[in-house]
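The numbering of the sequence shown is the working numbering, which starts it at 879 and goes up by one. The block underneath contains the structure these notes are about, expressed in structure tokens.
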Amino acid sequence: MKVGVLAVQGDFEAHRAMLGSLAVDSAEVRAVADLDGLDAIVLPGGESTTQLKFLQEEGLFHPLRKFALDGGAIFGTCAGAILLATEVLNPVQDSLALMDITVLRNGYGRQLSSEVRFGHCSFKPAPLEMVFIRAPIIQRVGPGLEVLAEDAGRPVLVRQGRLLAATFHPELTGDSTVYSFFLGLIGERVQA
Ligand code: GLN
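This is the structure in structure tokens:
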């Protein structure tokens, strides 16, 4: 199994370290050719506007959409979740429009400091540690999508088939539960 991590900007190294700790092979994605042979892709946090511009300029925008539409697994964290959403507000922004959610950028304000909170997650018995950094708020979740974790009554981890979006940063904690869940989604396809 090989997981590509979009390596334009943001905390892609932390994602690769988490994958490495789970003995999963990973590769940096900066060009269309880097998508060859990948089973899944991680879209890390950072600045979604910068990342979107890069995807458009490097011709990665449509190949990434195709990867997902062909059944590839994608995990978007924070800015990555913004890229996956069908609708982006505050301000309105273009996106890959793969997951039927509406996100409000910088939904908790523009503060730079991070905040760690613990919330309920459907596949973990104990509260899940969540690191929020200038996080978006998922304002609307389309029918048929699964809300897997919540913080203060708001969805923060959502699944649509093999697509997973988190408004927090699971790669910045020592807890690999969310990652293991994502790897499970990939496995379903690899075995199919
Ligand atoms: N505020 C960023 C954005 O709107 C996302 C922040 C993050 O990825 N930690 O793109």
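Heads up, the beta-carbon is just placed ideally off N, CA and C, and yes, glycines get one too. Here the structure is a predicted model, which means the values were calculated and not measured.
Tell me which same chain residues have a C-beta within less than 6 Å of the C-beta of residue i, skipping the five on either side of it?
i, result
"I919", "G882 and I952"
"L921", "L884, G954, G958 and L961"
"F890", "V883 and P922"
"A975", "T964"
"R1071", "There is no way to answer for residue 1071, as the model of the chain reaches only from 879 to 1070."
"P1033", "I1016, V1019 and V1025"
"S973", "L961, A963 and V966"
Go ahead and label residue i buried or exposed: buried means 16 or more other beta carbons lie within 10 angstroms of its beta carbon, across all protein chains shown.
i, result
"L1023", "buried"
"S1058", "exposed"
"P1005", "exposed"
"L947", "exposed"
"A1044", "buried"
"A1013", "buried"
"G1031", "exposed"
"S992", "exposed"
Within its chain, find whatever has a CB closer than 7 Å to the CB of residue i; leave out the 5 residues flanking it on each side and keep chain order.
i, result
"Q1069", "Model confidence at Q1069 stands at a pLDDT of 49, short of 50, so the residue's coordinates are unreliable and nothing is read from them."
"D978", "T964, G1020, L1023 and Q1038"
"T927", "Q971"
"G997", "P1005, L1006, M1008, A1027, E1028, D1029 and V1034"
Rank the options by C-alpha distance to the C-alpha of residue i and give the top, closest one.
i, options, result
"G1020", "V981, R995, F1010 and V1009", "V981"
"F1060", "D978, Y986, H893 and F932", "H893"
"G924", "F996, M879, I1064 and L1050", "L1050"
"R1040", "H1047, A1027, G1062 and V1034", "G1062"
"L1042", "G985, G949 and R983", "G949"
"G985", "G915, K944, F1046 and A1027", "F1046"
"I1011", "D914, C956 and L942", "C956"
Which same chain residues, not among the five before or five after residue i, have their C-beta less than 8 Å away from its C-beta?
i, result
"Q887", "G924, E925, T928, Q929 and F932"
"A895", "E1049"
"I1064", "M879, V881, D917, A918, A951 and R1040"
"R983", "S926, I960, V966, L967, N968, P969, Q971 and P1014"
"A905", "K880, V881, G882, V883, D912 and L916"
> Counting pairs of beta carbons, one from the segment 935–949 and one from the segment 891–911, are three or more of them closer than 8 Å?
Replying inline: yes
> Is the segment 954–969 in contact with the segment 995–1003, if contact means three or more CB pairs nearer than 8 Å?
Replying inline: The segment 954–969 makes no contact with the segment 995–1003, as fewer than three CB pairs between them are under 8 Å.
> Should the segment 1048–1056 be called in touch with the segment 889–901, which here means at least 3 C-beta pairs below 8 Å?
Replying inline: yes
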